[in-house]
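Undergrad: A single structure is presented below for examination.
2 protein chains.
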Amino acid sequence: MPRRATAQDVADLAGVSRSTVSLVLNGRADGNISATKQLQVIEAARQLSYRPNAVALSLRSQRSWAIGALTWRGASGFPESMLHASWHTAKAAGYLLMIMDTNGDRKHEGLAVSSLLDRQVDAVVVVAPDLVEYRPPEALAQTPTLLINCLDPDRTVVSIAPDELGASASAAQILIDLGHSRIGLLADDAATVQTEQRIEGAQAAAVAAGIPPLEIMVAGHELAAAYALTQERLAGPRPLTGLICTHERLAVGALLAATRQGLDIPGDLSIVSLEDGEHLASELVPAVATVRRPDQPMAEQGIALLIKQLISGGRPEPQQLTFVCPVDLRASVGPVPTDHFRR
Amino acid sequence: MPRRATAQDVADLAGVSRSTVSLVLNGRADGNISATKQLQVIEAARQLSYRPNAVALSLRSQRSWAIGALTWRGASGFPESMLHASWHTAKAAGYLLMIMDTNGDRKHEGLAVSSLLDRQVDAVVVVAPDLVEYRPPEALAQTPTLLINCLDPDRTVVSIAPDELGASASAAQILIDLGHSRIGLLADDAATVQTEQRIEGAQAAAVAAGIPPLEIMVAGHELAAAYALTQERLAGPRPLTGLICTHERLAVGALLAATRQGLDIPGDLSIVSLEDGEHLASELVPAVATVRRPDQPMAEQGIALLIKQLISGGRPEPQQLTFVCPVDLRASVGPVPTDHFRR
DNA sequence: CTGAAAGCGCTTACAG
DNA sequence: CTGAAAGCGCTTACAG
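Order-wise, the sequence lines are chains C and R.
Position one of the first sequence corresponds to residue 1 (the working numbering), numbered consecutively onward.
Position one of the second sequence corresponds to residue 1001 (the working numbering), numbered consecutively onward.
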């Protein structure tokens, strides 16, 4: 049961002092240590599979090389793709991402923050599952903090957010450009900036195009509710020809309902989804056109920014960076049905 | 910019030594420190919001109070619910779960393991997205290790796995009990124990019931492939009356295809899903009956076991713990259609 | 050119 | 009943 080798073990084996080991292994031996001893140290380290104890390193250097991530479960689960991209970006820069579930409430958030600060994280990133307003906890005042997919109303830190207004406007515009004028919007019922903006952006596009306002159908975040609402609406008079879903699970419900009604997609009804963090819309049949939330770029650039700040040591200007949501045109959208005008 | 208070700061404010602070704050002051001083220390700590530096604590105690988790992306993403339950169980016991993405390959796994060992994790848990055979890396030989949703062929550590044979047998039995005898199985194409066992278990149930062998349809893990296969098969002669899907995304595809074909579920076709880690099957319309993988209990009991081992310090007998997969009967299954025999 | 010492923030025997 | 010392594993001035 050999315990992990320490610098002392390496020094003993190489017949030098701990300082020498440290200098050699950290590349600061150049003009100082004789070539022979350097080789001895390197060989001893190799032989013992020596790796410095990161805990001791942290204590010594007052840097943990760790970034804390605060996150929680939202309308469509955890923001998996943002967390994944954050983790990899941090890792590539030599940082560990410590992910903490705040449960979405201030009490657990407080515990999570304490736990991160106890472990001396160098920075904290907040990764929100849905775009919301978010005030960083007081306890983080001294810690570099960055917000991803949420906005600080007090503008005290850098935040990164998708252009939700633009995204929903794009979604509506896809349908408008194809001639649709009777368009519905299946929305989440959460009282968030996200839902607000998704409705507002799409509605603005309708107004700008001079078509009637979109019919807002509030489905909650449940797939089955989206199904029920879609079915009900499609059974009624003057059926919709276009439908926007604020996230992918709603699109599954809508597609299923329309399909059961015997409608052809996109022959009778065109469907567009927003978000698609779970990669569901893209896999459906027909594949559902999506104005996708750019989870990966947001997370990558966010973490890169945070690390740059860590290296420079400066405090960046608080600002909001907005990311465009790319349009993925797919088979679920088509021209407005010609017989539609006859009904 | 007040830096975090240290024990020395508390000692200074309370007018005592660091040792006294430590004893009082760790509840070992009883017969040793006067009541007055104890109060002074507690008050000083409160005033400075003192919390011990976890890094220093780790170095001193040779325990990091952290458990490393190795995981990767599988057929249906990361094993989110297992990770979530693991994190919370660890947290409740005072441990931090450090989640590392191994990318599913040995090279990145090696880097992840090194990184965890550098940080002196007290134990490691491997959380596999799909049931596979898994040999713990050599480097973990000295570290308490537990496998969740994977099996060590060499039986060197404790592993926790769902009863996949039983689960798929149950799925088939649901249909058999309802009178079905023409049953298909939409399967993942991965060459894993999981796929093997899911096919084998269902097939064994068919044999035991004396019905024809299940028709195995290999769909890969793509929803769209499940759609295509289902559509093709349903268009053919002697249509299936029952369908088992090895995971929830395949069930979405199958349901969509059957619905587009104008079939009634379960009137014309009964559908059962396995796994449902993403909670999709349960949300569909009709809700799809599922033999669910018990992600939460597996993770909770796994972590609890690992922590018990950490506390006792003993090495547990390597063993495989098998968890039963509960049956969630839902609207997607019904008796075999009566007109079926006439075709 | 190299080793001995100090110190990061803790706790725990050990003196007094 | 309380403080001074040692030590966890490192690195970095500082002597020699």
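Glycine included, C-beta positions come from ideal geometry on N, C-alpha and C.
Our contact map puts Leu-147/C next to Val-193/C with C-beta atoms below 8 Å; I'd like the distance itself, whole angstroms only.
TA: The pair is not a contact, with the Cβ atoms about 12 Å apart (cut-off 8 Å).
Undergrad: For Phe-78/C, which residues in chain R fall below 7 Å Cβ to Cβ?
TA: Under the 7 Å cutoff, chain R gives Glu-1080.
Undergrad: Considering only DSSP beta bridges, list what Cys-150/C is partnered with.
TA: Answer is Val-132/C.
Undergrad: Are Gly-1277/R and Ser-1081/R close, meaning C-beta to C-beta below 8 Å?
TA: Cβ atoms of Gly-1277/R and Ser-1081/R: closer than 8 Å.
Undergrad: Answer yes or no: do Val-127/C and Leu-96/C have a C-beta to C-beta separation smaller than 8 Å?
TA: No, these two residues do not count as a Cβ contact at 8 Å.
Undergrad: If you measure beta-carbon to beta-carbon, which residues of the region 1111-1130 of chain R are closer than 8 Å to chain C?
TA: Cβ contacts with chain C come from Ser-1114, Ser-1115, Leu-1117, Asp-1118, Arg-1119, Gln-1120.
Undergrad: Grouping DSSP H, G and I as helix and E and B as strand, with all else coil, what is Gln-1062/R?
TA: In the structure shown, Gln-1062/R sits in coil (DSSP, three-state: anything other than H, G, I, E or B).
Undergrad: From Pro-239/C to Ala-254/C, what does the alpha carbon distance come to, in whole angstroms?
TA: One C-alpha to the other measures close to 14 Å.
Undergrad: Which residues of the region 54-68 of chain C have a Cβ closer than 7 Å to any Cβ of chain R? Give them in chain order.
TA: Correct list: Ala-54, Val-55, Ala-56, Ser-58, Leu-59, Ser-64.
Undergrad: At least one CB of chain R closer than 8 Å to the CB of Val-41/C: is that the case?
TA: Chain R, which has no Cβ nearer than 8 Å to the Cβ of Val-41/C, makes this no.
Undergrad: Measure the Cβ-Cβ separation of Ala-1123/R and Thr-1145/R and say whether it is below 8 Å.
TA: Yes.
Undergrad: When the distance is taken between beta carbons, is Val-1272/R closer than 8 Å to Ile-1311/R?
TA: Not in contact: Ile-1311/R and Val-1272/R (Cβ atoms no closer than 8 Å).
Undergrad: I think Ala-1226/R touches Leu-1186/R, with their Cβ atoms under 8 Å apart; what is that distance to the nearest whole Å?
TA: Contact holds; Cβ gap of about 5 Å.
Undergrad: Closer than 7 Å by beta-carbon distance: list the chain R residues that pair up with Tyr-227/C, in chain order.
TA: The contacting residues are Val-1285.
Undergrad: Would you kindly work out how many angstroms separate the C-alpha atoms of Val-1158/R and Ala-35/C, rounded to a whole number?
TA: If you take the alpha carbons of Val-1158/R and Ala-35/C, they lie about 48 Å apart.
Undergrad: Three-state secondary structure (DSSP) at Glu-138/C?
TA: It is helical.
Undergrad: So Gly-1242/R packs on Arg-1182/R, CB below 8 Å; how close in whole Å?
TA: With 8 Å as the limit, Gly-1242/R and Arg-1182/R qualify as a contact, their Cβ atoms being about 7 Å apart.
Undergrad: Would Leu-234/C pass as an interface residue toward chain R - the criterion being a Cβ-Cβ separation below 8 Å?
TA: Leu-234/C does not count as touching chain R.
Undergrad: Tell me whether Asp-1009/R is buried or exposed, calling it buried when 16 or more other Cβ atoms sit within 10 Å of its Cβ.
TA: Asp-1009/R should be labelled buried.
Undergrad: Taking C-beta to C-beta, are Ala-1202/R and Ala-1161/R nearer than 8 Å?
TA: Taking 8 Å as the Cβ cut-off, Ala-1202/R and Ala-1161/R do not qualify as a contacting pair.
Undergrad: Taking Cβ positions, are Val-1336/R and Leu-1178/R nearer each other than 8 Å?
TA: Yes, these two residues count as a Cβ contact at 8 Å.
Undergrad: Please compile the residues from chain R whose C-beta is within a distance smaller than 7 Å of the C-beta of Thr-145/C.
TA: Near Thr-145/C there are no residues of chain R at all, since even the closest Cβ is about 15 Å away, more than 7 Å.
Undergrad: From Tyr-50/C to Ala-5/C, what distance separates their C-alpha atoms?
TA: One C-alpha to the other measures close to 6 Å.
Undergrad: Ignore the nearest five residues each way along the sequence and tell me which others in Pro-318/C's own chain have a CB closer than 7 Å to its CB.
TA: Hits under 7 Å: Arg-155, Thr-156, Val-157, Val-158.
Undergrad: So with CB distances below 9 Å, who are the chain R contacts of His-84/C?
TA: By Cβ distance, chain R contributes Arg-1073, Phe-1078, Asp-1101.
Undergrad: Taking Cβ positions only, does Glu-1300/R come closer than 8 Å to chain C?
TA: No, Glu-1300/R does not count as interfacial toward chain C.
Undergrad: Near Ala-11/C, what residues of its chain come up, given a Cβ to Cβ distance below 6 Å and the 5 sequence neighbours on each side ignored?
TA: Within the same chain, Ala-11/C has close Cβ partners Ser-17, Arg-18, Val-21.
Undergrad: Between the region 1248-1269 of chain R and chain C, which residues of the former have CB atoms less than 8 Å from a CB of the latter, in chain order?
TA: Correct list: Arg-1249, Val-1252, Gly-1253, Leu-1255, Leu-1256, Ala-1257, Thr-1259, Arg-1260, Gly-1262.
Undergrad: Quick one, which of Ala-1056/R, Gly-1334/R, Gln-1261/R has its alpha-carbon nearest Gln-62/C's?
TA: Ranking the options by Cα distance to Gln-62/C, first place goes to Ala-1056/R.
Undergrad: Does Glu-1200/R come within less than 8 Å of chain C when only Cβ atoms are used?
TA: No - not a single Cβ of chain C is within 8 Å of the one on Glu-1200/R.
Undergrad: Is any beta-carbon of chain C found at less than 8 Å from that of Arg-1342/R?
TA: For Arg-1342/R, the predicted structure reports a pLDDT of 43, less than 50, and the residue's modelled location is therefore unreliable. A value from the coordinates is still provided. No, Arg-1342/R lies away from the interface with chain C (no Cβ there is under 8 Å from its Cβ).
Undergrad: Which residues bound the beta strand (DSSP E) around Ser-34/C?
TA: Where Ser-34/C is concerned, there is no enclosing beta strand (DSSP E), given that its DSSP letter is neither H nor E.
Undergrad: Please go through the same chain and pick out, in chain order, the residues whose beta-carbon is closer than 6 Å to the beta-carbon of Arg-342/C, but skip the five residues on each side of it.
TA: Low per-residue confidence applies at Arg-342/C: pLDDT is 44, beneath 50, and the placement is therefore not dependable, though the value from the model is reported in the following sentence. Counting only Cβ-Cβ distances below 6 Å, and skipping sequence neighbours, we find nothing.
Undergrad: Have a look at Leu-256/C and Asp-328/C and give me their C-alpha separation to the nearest angstrom.
TA: Their Cα atoms are separated by approximately 21 Å.
Undergrad: Of the choices Pro-129/C, Lys-107/C, Gly-166/C, Arg-119/C, whose alpha-carbon is the least far from that of Glu-138/C?
TA: The shortest C-alpha separation from Glu-138/C is found at Lys-107/C.
Undergrad: By the DSSP assignment, the beta strand (DSSP E) with Asp-1101/R in it spans what residues?
TA: Segment 1096-1101, the beta strand (DSSP E) holding Asp-1101/R.
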